[in-house]
Amino acid sequence: MGSISRELVSEGASILRQIDPETLFARDEDREEWCLDHFERWRDLYLSAAEKNEEILVAVA
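In this text, residue positions in the sequence shown follow the numbering used here: the first is 958, and each later residue adds one.
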């Protein structure tokens, strides 16, 4: 197990707020929808954790 510190969560959230996922994953017929979905899930996790001043616990295989 590992964790992402509050400081890194806050910094990551700050960066992720500036990224428009629709621009990052420009729409075309070859775009995989899962890329956008995964990005949005990670962004939401970071934003939520930063708002609550929490760390993120991760499992490392």
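All C-beta atoms in this analysis are idealised placements derived from N, C-alpha and C, irrespective of residue type, glycine included.
This one's a predicted model, so the numbers in the text were calculated from it and none came from an experiment.
Item: Indicate whether ARG998 and LEU973 have their beta-carbon atoms separated by less than 7 Å.; Value: no
Item: Start and end of the beta strand (DSSP E) containing SER960?; Value: 959-961
Item: Buried or exposed for VAL1015, please, with buried defined as at least 16 other CB atoms from any protein chain shown within 10 angstroms of its CB.; Value: exposed
Item: With 16 other CB atoms within 10 Å as the buried threshold, where does GLY908 fall?; Value: Past the boundaries of the shown model lies residue 908; the chain is included only from 958 to 1018, so the question cannot be answered.
Item: Can you list, in chain order, the residues of its chain with a C-beta nearer than 8 Å to that of ILE1013? Leave out the 5 residues immediately preceding and following it.; Value: SER960, ILE961, VAL966, LEU1002, TYR1003 and ALA1006
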